[in-house]
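First comes the structure, then the notes that go with it.
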Amino acid sequence: LSWRTFPIRHMAAQETIARFWLASKAELEDVLLHEQLIQRFEPTKDPRVAHEVISELYCRYVHLCRMLDRCYDQTLQVQKRQVVTVLAESANRRMMELQLKIKQMELSEFTYIDGALRELHLIPEDVQVVRP
Numbered sequence: 421l422s423w424r425t426f427p428i429r430h431m432a433a434q435e436t437i438a439r440f441w442l443a444s445k446a447e448l449e450d451v452l453l454h455e456q457l458i459q460r461f462e463p464t465k466d467p468r469v470a471h472e473v474i475s476e477l478y479c480r481y482v483h484l485c486r487m488l489d490r491c492y493d494q495t496l497q498v499q500k501r502q503v504v505t506v507l508a509e510s511a512n513r514r515m516m517e518l519q520l521k522i523k524q525m526e527l528s529e530f531t532y533i534d535g536a537l538r539e540l541h542l543i544p545e546d547v548q549v550v551r552p
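Residues in the sequence shown are numbered from 421 upward in steps of one, following the numbering used here.
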């Protein structure tokens, strides 16, 4: 590894991290917009519809939490790490709230989110909760 190639590789790594941060930020905005749209609707009495809506939102939050965790792991700037930590903790808290709602609706310790996975074109590994 020569000293001449190090800055180029370092710049490429920083650019990749910046792109990943922008993707995480866009995903966060998308999830928040989706949640705001859901809150504008009237509450439904149909448990199937409520389960579908909450399951989809739960899947989005799990995906967001995973993106923020990866962003935290790759970020070199201390100031940005503090921001990402706050965002990740908030997203994790909301994800746990949604998981509890699903468990209460199903009266089970397991969450069945197959419909949301199909709708979002995800596989179970995409929404597997990873604890750092």
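A virtual CB, placed ideally from N, CA and C, is assigned to each residue, including glycine.
Beta-carbon within less than 7 Å of Arg480's beta-carbon, same chain only, minus the 5 sequence neighbours each way: which residues are those? Within the sequence shown, the letter at position 60 stands for residue 480. Once the five neighbours on either side are set aside, the close Cβ partners of Arg480 are Val451, His454.
By the DSSP assignment, the alpha helix (DSSP H) with Asp489 in it spans what residues? Taking the sequence shown and counting its residues from 1, the one referred to as residue 489 is at position 69. Residues 467-494.
Residues of its chain near Thr495, where Cβ-Cβ distance is below 8 Å and the 5 sequence neighbours each way are ignored: On the sequence shown, residue 495 is found 75 positions in, with the first residue counted as 1. Same-chain partners within the cutoff: Ile437, Trp441, Arg501, Val504.
Quick check: Lys521 and Ile474, are their CB atoms within less than 8 Å of each other? Position 101 of the sequence shown holds residue 521. Position 54 of the sequence shown holds residue 474. Cβ atoms of Lys521 and Ile474: closer than 8 Å.
Closer than 7 Å by C-beta to Leu448: which residues in its own chain qualify, once you throw out the five before and the five after it? Chain order, please. What you label residue 448 is simply residue 28 of the sequence shown in a count that begins at 1. The residues are Leu484, Leu507.
Quick check on the DSSP output: the alpha helix (DSSP H) that includes Leu522 runs from which residue to which? Here residue 522 is taken as the residue at index 102 of the sequence shown, counted from 1. The sequence shown places Ile at residue 522, not Leu. 498-526 is the span of the alpha helix (DSSP H), which, as asked, contains Ile522.
Assuming Leu540 and Glu476 are in contact, meaning their beta carbons sit under 8 Å apart, how far apart are those beta carbons, in whole angstroms? Here residue 540 refers to the residue found at position 120 of the sequence shown. Here residue 476 refers to the residue found at position 56 of the sequence shown. So it is a contact: roughly 7 Å between Cβ atoms.
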